[in-house]
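**Q**
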Amino acid sequence: MALTWTHKDRGEIRVHENTEELSTGVVDIIAEISEASILKHGAFCIVLSGGSLVSLMGKLIESLYDNCRLG
Numbered sequence: 036m037a038l039t040w041t042h043k044d045r046g047e048i049r050v051h052e053n054t055e056e057l058s059t060g061v062v063d064i065i066a067e068i069s070e071a072s073i074l075k076h077g078a079f080c081i082v083l084s085g086g087s088l089v090s091l092m093g094k095l096i097e098s099l100y101d102n103c104r105l106g
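For the sequence shown, this note's numbering assigns the number 36 to the initial residue and increments by one for each residue that follows.
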């Protein structure tokens with residue numbers, strides 16, 4: 036379970052127990068934001084820097100975006 040609090044200048048901050056929890060949390064946030072964006076704008080765009088972020092999310096995110104186009 037993540038510890039969550041709001042910083043006056045930096046917004047919401049979450050601290051996770053381990054990398055498994057972190058990766059699940061990141062995927063959940065991306066899914067939530069993407070759904071809201073698609074409903075509002077008809078599309079969702081995201082840029083990932085690569086490296087450990089992509090590795091952390093791994094297979095967890097694949098099922099969310101089976102019908103996505105990469106370009």
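All residues carry an ideal CB built from backbone N, CA and C; glycine is no exception.
#1: In the DSSP output, what is Gly46 paired with across the bridge?
#2: Ignore the nearest five residues each way along the sequence and tell me which others in Ala37's own chain have a CB closer than 7 Å to its CB.
#3: Considering only the beta carbon of each residue, do Glu3 and Thr54 sit closer than 8 Å?
#4: By DSSP, does Leu57 sit in helix, in strand, or in coil?
#5: If you reduce the DSSP assignment to three classes, tell me which class Ser84 lands in.
**A** In this structure, then:
#1: Answer by DSSP bridge pairing, in chain order: His42.
#2: Excluding positions up to five away in sequence, the list reads Arg49, Val50, His51, Glu56 and Gly60.
#3: Any question about residue 3 goes unanswered here, given that the chain covers just 36 to 106.
#4: In this structure, Leu57 counts as helix in the three-state DSSP scheme.
#5: In the structure shown, Ser84 sits in coil (DSSP, three-state: anything other than H, G, I, E or B).
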